[in-house]
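*Asks:* Using the numbering used here, the letters of the sequence shown map in sequence onto residues 3 to 514.
I'd like to ask you about the structure that follows.
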Amino acid sequence: MIATNIRRLGVYLMLAFAVVSGSITWWQVVEAHSLSTRPDNPEVLAARRSLLRGTIFDAEGQVLASSEVIDGLSRRTYTDPAMTHVLGYSSLRFGSTGLERTFEDILVGQTDPNPIRDLVSDVLARQPEPRDLTLTIDRRLQDFAAAQLGADAGAVVAIDPRTGAVLAMVSTPTFDATPISGDPDGAQEPMDALRNDPAEPLLARARQGLYVPGSILKVFTAAAALDAGVISPDTTYPDQPREEREGFVVDGFTIREHDLGGIEPALWPLSEALQVSSNIFFAHVGLELGAERFLEYARRFGFCGPIRMGPPERALSVTPSLVTGSLDGDCGPFSGDVDLASASFGQGQAAVTPVQMALLAAAIAGDGVMPDPYVVRDVRAHADGDAPADEILDSFGSGGGTRVVSAEAAAATRGGMVDAVNGELGRLYAGQGDITLYGISDARSAGKTGTAQLGGEQAPHSWFIGFAPAQEEATPRIAVAVLVESGGSGSDGAAPIAGRVMAEWLRLSGGD
3 MIATNIRRLG VYLMLAFAVV SGSITWWQVV EAHSLSTRPD NPEVLAARRS LLRGTIFDAE
63 GQVLASSEVI DGLSRRTYTD PAMTHVLGYS SLRFGSTGLE RTFEDILVGQ TDPNPIRDLV
123 SDVLARQPEP RDLTLTIDRR LQDFAAAQLG ADAGAVVAID PRTGAVLAMV STPTFDATPI
183 SGDPDGAQEP MDALRNDPAE PLLARARQGL YVPGSILKVF TAAAALDAGV ISPDTTYPDQ
243 PREEREGFVV DGFTIREHDL GGIEPALWPL SEALQVSSNI FFAHVGLELG AERFLEYARR
303 FGFCGPIRMG PPERALSVTP SLVTGSLDGD CGPFSGDVDL ASASFGQGQA AVTPVQMALL
363 AAAIAGDGVM PDPYVVRDVR AHADGDAPAD EILDSFGSGG GTRVVSAEAA AATRGGMVDA
423 VNGELGRLYA GQGDITLYGI SDARSAGKTG TAQLGGEQAP HSWFIGFAPA QEEATPRIAV
483 AVLVESGGSG SDGAAPIAGR VMAEWLRLSG GD
């Protein structure tokens with residue numbers, strides 16, 4: 003009996019040892035990186051109070067964030083509030099967000115497979131060697147875009163469609179992160195003010211805000227339907243002129259056209275339908291494409307799931323954009339033809355981020371290949387001064403991407419976007435009298451406006467997506483999405499901002 007009990011006790015002890023060993027292995031090996039970068043980890047918070055962080059530079063070598071140790075405390079200084087929603091903050095009281103969080107271990111120079119042991123021992127024994135980051139974002143363009151938004155709440159996202167490099171990513175309103183990143187005893191008051199501000203300055207609108215897209219989603223509908231062979235550039239709908247006046251009845255619900263500004267309804271093929279932004283035309287297209295294929299193409303373009311800006315373990319996350327209601331983190335099924343038709347022209351349950359829409363524009367500019375977006379260009383040895391070190395330790399951005407539609411479908415859609423900016427109907431619809439539109443002349447831009455109706459008396463969101471240069475022989479160097487919250491029509495609010503941002507980048511990058 004005693005021997006049996008001893009054997010049982012031995013088995014229990016062995017099982018307990020196995021459980022404890024497995025738990026230790028799990029947390030120190032499998033979850034080590036995750037644990038080390040959690041902003042609420044008390045060991046990390048305590049250890050890094052005196053830890054020097056690496057410098058963050060923009061694409062041109064301008065300092066965006068730097069650190070110094072004062073009275074035993076590491077103090078972080080941010081030079082440009084326009085960069086706050088990209089960099090995030092590193093706070094001794096509130097932890098880290100943004101790139102400060104995703105590159106936490108690199109910025110503080112952690113190298114041990116057990117990050118917590120490495121961090122604590124480094125602080126006790128020696129000052130670890132921090133690493134610096136160089137971004138793809140050009141501060142000149144970032145500041146220019148922020149100035150165009152001014153006091154308006156909104157976002158500007160600019161991407162190089164050839165590589166996926168993010169050139170600018172602005173969210174407004176913004177804030178100076180330095181006060182919450184210094185003395186922890188003095189950080190609570192400014193953080194409380196930010197949290198209580200009804201303008202929500204803590205929200206990174208470019209990648210976290212979800213907005214009704216309005217007519218900019220017609221670009222997606224066109225590209226998907228062309229790729230699926232549902233329409234051609236010459237497709238028309240015989241009843242459209244009448245439906246433009248009387249409405250298009252779908253399952254007993256009447257879809258009505260928006261104000262065409264005095265333009266007489268006609269049998270419009272794709273280019274003209276994009277120029278006048280016809281809801282009726284794209285409702286027909288979406289219904290012909292069908293719910294199943296609509297969702298299939300939406301997922302190809304990155305809707306319905308998370309987008310990561312950078313390699314998986316280092317990426318800034320983007321809130322999933324939706325074309326229907328959400329279901330278990332995915333796009334749920336359409337509730338019927340009315341829901342599908344409404345999504346086809348950017349209304350209904352569609353809700354998107356500015357990052358997603360910039361990638362849509364980049365895919366059309368890139369002959370049907372949607373680039374993999376990234377924000378950090380490389381990791382470098384820590385610089386002694388205000389210029390990046392020459393030694394590159396790691397680099398990001400392969401220039402890869404995913405083919406979402408054929409080159410032919412992209413070319414036809416691109417032609418419609420060129421005409422929407424430069425065509426006769428497009429200029430008439432936008433109220434422009436000549437070829438110079440949105441700040442870029444000589445047919446150098448392509449795009450689509452969006453006026454996202456919100457219901458009630460709330461002013462619509464103003465959108466524009468586009469790219470430049472857009473001549474037939476040109477290779478686009480910038481794709482943009484601009485959102486102005488409650489900014490009115492796309493032509494009046496977002497489009498002029500987008501045009502000026504594109505023109506500025508063409509100037510900065512050596513072309514006009």
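Ideal Cβ placement from N, Cα and C applies to all residues, glycine included.
Being a predicted model, the structure only gives us computed values, none of them experimental.
Within this structure, are the beta carbons of M359 and W465 separated by less than 9 Å?
*Replies:* Here residue 359 is taken as the residue at index 357 of the sequence shown, counted from 1. Here residue 465 is taken as the residue at index 463 of the sequence shown, counted from 1. Yes; because the gap between Cβ atoms is below 9 Å, this pair is in contact.
*Asks:* For I233, which option in V320, G184, G292, V378 has the closest C-alpha, if you only look at C-alpha atoms?
*Replies:* For the purposes of this step, residue 233 is taken as residue 231 along the sequence shown, with counting starting at 1. Closest by alpha carbon: G292.
*Asks:* Could you tell me the boundaries of the beta strand (DSSP E) in which H463 lies?
*Replies:* Indexing the sequence shown from 1 puts residue 463 at position 461. Residues 463–470.
*Asks:* Does the beta carbon of F105 come closer than 9 Å to any beta carbon on chain B?
*Replies:* Checking the listed chains, one finds no chain B in this structure; it contains a single protein chain.
*Asks:* How many angstroms separate the CA atom of Q64 from the CA atom of R141?
*Replies:* Position 62 of the sequence shown holds residue 64. Position 139 of the sequence shown holds residue 141. If I take the Cα positions, the gap works out to 8 Å.
*Asks:* Which term fits G449, buried or exposed, when burial requires 16 or more other beta carbons within 10 angstroms of its beta carbon?
*Replies:* Start at 1 with the first residue of the sequence shown, and residue 449 comes out as number 447. Its Cβ being crowded by 16 or more others within 10 Å, G449 is buried.
*Asks:* May I have the straight-line CA-CA distance separating I257 from Y91, to the nearest angstrom?
*Replies:* Taking the first residue of the sequence shown as position 1, residue 257 is located at position 255. Taking the first residue of the sequence shown as position 1, residue 91 is located at position 89. Between I257 and Y91, the C-alpha separation is close to 46 Å.
*Asks:* So, at 6 Å on beta carbons, what are the nonlocal neighbours of T104 in its own chain, with the 5 sequence-adjacent residues on each side left out?
*Replies:* Position 102 of the sequence shown, counting from 1, holds the residue named residue 104. Closer than 6 Å at Cβ, skipping near neighbours: R316.
*Asks:* Could you give the C-beta distance for G288 and A345, rounded to a whole number, given that I count them as a contact under 8 Å?
*Replies:* Position 286 of the sequence shown holds residue 288. Position 343 of the sequence shown holds residue 345. The Cβ separation is near 7 Å, so the contact holds.
*Asks:* Which first and last residues belong to the beta strand (DSSP E) in which R382 is found?
*Replies:* The count along the sequence shown starts at 1 and reaches residue 382 at position 380. 378–383 is the extent of the beta strand (DSSP E) around R382.
*Asks:* Expressed to the nearest angstrom, what Euclidean distance is found between the alpha-carbon atoms of A470 and S76?
*Replies:* Residue mapping note: residue 470 aligns to position 468 of the sequence shown, counting from 1. Residue mapping note: residue 76 aligns to position 74 of the sequence shown, counting from 1. Taking the straight line joining both Cα atoms gives about 43 Å.
*Asks:* How long is the line joining the alpha carbons of G348 and Y431, rounded to whole angstroms?
*Replies:* Taking the sequence shown and counting its residues from 1, the one referred to as residue 348 is at position 346. Taking the sequence shown and counting its residues from 1, the one referred to as residue 431 is at position 429. If I take the Cα positions, the gap works out to 18 Å.
*Asks:* Give me the Cα-Cα distance between P200 and V110, rounded to the nearest whole angstrom.
*Replies:* Taking the sequence shown and counting its residues from 1, the one referred to as residue 200 is at position 198. Taking the sequence shown and counting its residues from 1, the one referred to as residue 110 is at position 108. Going from the Cα of P200 to the Cα of V110 covers about 34 Å.
*Asks:* So is E202 buried or exposed if we call it buried at 16+ other beta carbons inside 10 Å?
*Replies:* Mapped onto the sequence shown, residue 202 falls at position 200. It is exposed - the Cβ of E202 has fewer than 16 other Cβ atoms within 10 Å.
*Asks:* Look up T415 in the DSSP assignment and say whether it is helix, strand or coil.
*Replies:* As a position in the sequence shown, residue 415 is number 413, starting the count at 1. Reduced to three states, the DSSP call for T415 is helix.
*Asks:* A367 and P478 - do their beta-carbons sit closer together than 9 Å?
*Replies:* Working through the sequence shown from its first residue, we reach residue 478 at position 476. Working through the sequence shown from its first residue, we reach residue 367 at position 365. Yes, the pair counts as a contact, with Cβ atoms nearer than the cut-off.
*Asks:* Are the Cβ atoms of V482 and G468 separated by less than 9 Å?
*Replies:* Taking the sequence shown and counting its residues from 1, one reaches residue 482 at position 480. Taking the sequence shown and counting its residues from 1, one reaches residue 468 at position 466. For V482 and G468, yes; Cβs fall inside 9 Å.
*Asks:* Quick check on DSSP: helix, strand or coil for P314?
*Replies:* Here residue 314 corresponds to residue number 312 of the sequence shown, with the count starting at 1. In this structure, P314 counts as helix in the three-state DSSP scheme.
*Asks:* What does DSSP give as the partner residues of G97 in its beta bridges?
*Replies:* Locating residue 97 in the sequence shown gives position 95, counting from the first residue. According to DSSP, which records beta bridges pairwise, G97 is partnered with S93.
*Asks:* Measuring only the C-alpha atoms, how far is N424 from P498?
*Replies:* Translated into the one-based positions of the sequence shown, residue 424 becomes position 422. Translated into the one-based positions of the sequence shown, residue 498 becomes position 496. Cα-Cα distance, rounded: 14 Å.
*Asks:* So is N198 buried or exposed if we call it buried at 16+ other beta carbons inside 10 Å?
*Replies:* Position 196 of the sequence shown, counting from 1, holds the residue named residue 198. N198 is exposed by the Cβ-count criterion.
*Asks:* State the start and end residues of the unbroken beta strand (DSSP E) segment that holds S68.
*Replies:* By one-based count along the sequence shown, residue 68 stands at place 66. Taken as a continuous stretch (DSSP letters only), the beta strand (DSSP E) holding S68 covers 65–72.
*Asks:* Measuring straight from C-alpha to C-alpha, what distance separates G492 and D374?
*Replies:* Residue mapping note: residue 492 aligns to position 490 of the sequence shown, counting from 1. Residue mapping note: residue 374 aligns to position 372 of the sequence shown, counting from 1. Between G492 and D374, the C-alpha separation is close to 27 Å.
*Asks:* Could you check whether G100 and L318 sit closer than 9 Å to each other, using their CB atoms as the reference points?
*Replies:* Counted from its first residue, the sequence shown places residue 318 at position 316. Counted from its first residue, the sequence shown places residue 100 at position 98. In this structure, G100 lies closer than 9 Å to L318 by Cβ.
*Asks:* Would the beta-carbon of A226 fall within 9 Å of that of F296?
*Replies:* Walking along the sequence shown from the start, residue 226 turns up at place 224. Walking along the sequence shown from the start, residue 296 turns up at place 294. In this structure, F296 lies closer than 9 Å to A226 by Cβ.
*Asks:* How about T516 and D154: do their beta carbons lie closer than 9 Å?
*Replies:* With the chain covering only 3 through 514, there is no way to say anything about residue 516.
*Asks:* In whole angstroms, what separates the C-alpha of S408 from that of G401?
*Replies:* Mapped onto the sequence shown, residue 408 falls at position 406. Mapped onto the sequence shown, residue 401 falls at position 399. Going from the Cα of S408 to the Cα of G401 covers about 19 Å.
*Asks:* Could you tell me whether the Cβ atoms of Y299 and S183 are closer together than 9 Å?
*Replies:* On the sequence shown, residue 299 is found 297 positions in, with the first residue counted as 1. On the sequence shown, residue 183 is found 181 positions in, with the first residue counted as 1. No, the pair does not count as a contact, with Cβ atoms beyond the cut-off.
*Asks:* DSSP on L269, reduced to helix/strand/coil?
*Replies:* Taking the sequence shown and counting its residues from 1, one reaches residue 269 at position 267. L269 falls in the coil class under three-state DSSP.
*Asks:* With a CB to CB cut of under 7 Å and the five nearest residues on each side skipped, what residues in its chain are close to T415?
*Replies:* Numbered from its first residue, the sequence shown carries residue 415 at position 413. The residues are V221, A224, A225, L228, I366.
*Asks:* What is the DSSP secondary structure of D194, counted as helix, strand or coil?
*Replies:* Position 192 of the sequence shown, counting from 1, holds the residue named residue 194. Helix at D194.
*Asks:* Out of D134, V88, L17, M85, which has the shortest C-alpha to C-alpha gap to D396?
*Replies:* Within the sequence shown, the letter at position 394 stands for residue 396. For D396, the nearest C-alpha among the options comes from D134.
*Asks:* Helix, strand or coil: how does DSSP classify I161 here?
*Replies:* Locating residue 161 in the sequence shown gives position 159, where the first residue counts as 1. It is a strand residue.
*Asks:* Just grab the DSSP bridge partners of K450 for me.
*Replies:* Stepping through the sequence shown from its first residue, residue 450 is reached at position 448. Per DSSP, I467.
*Asks:* Going along the chain, which residues of its own chain have a beta-carbon closer than 6 Å to the beta-carbon of W507, five neighbours each way excluded?
*Replies:* Locating residue 507 in the sequence shown gives position 505, where the first residue counts as 1. L143, I480, listed in sequence order.
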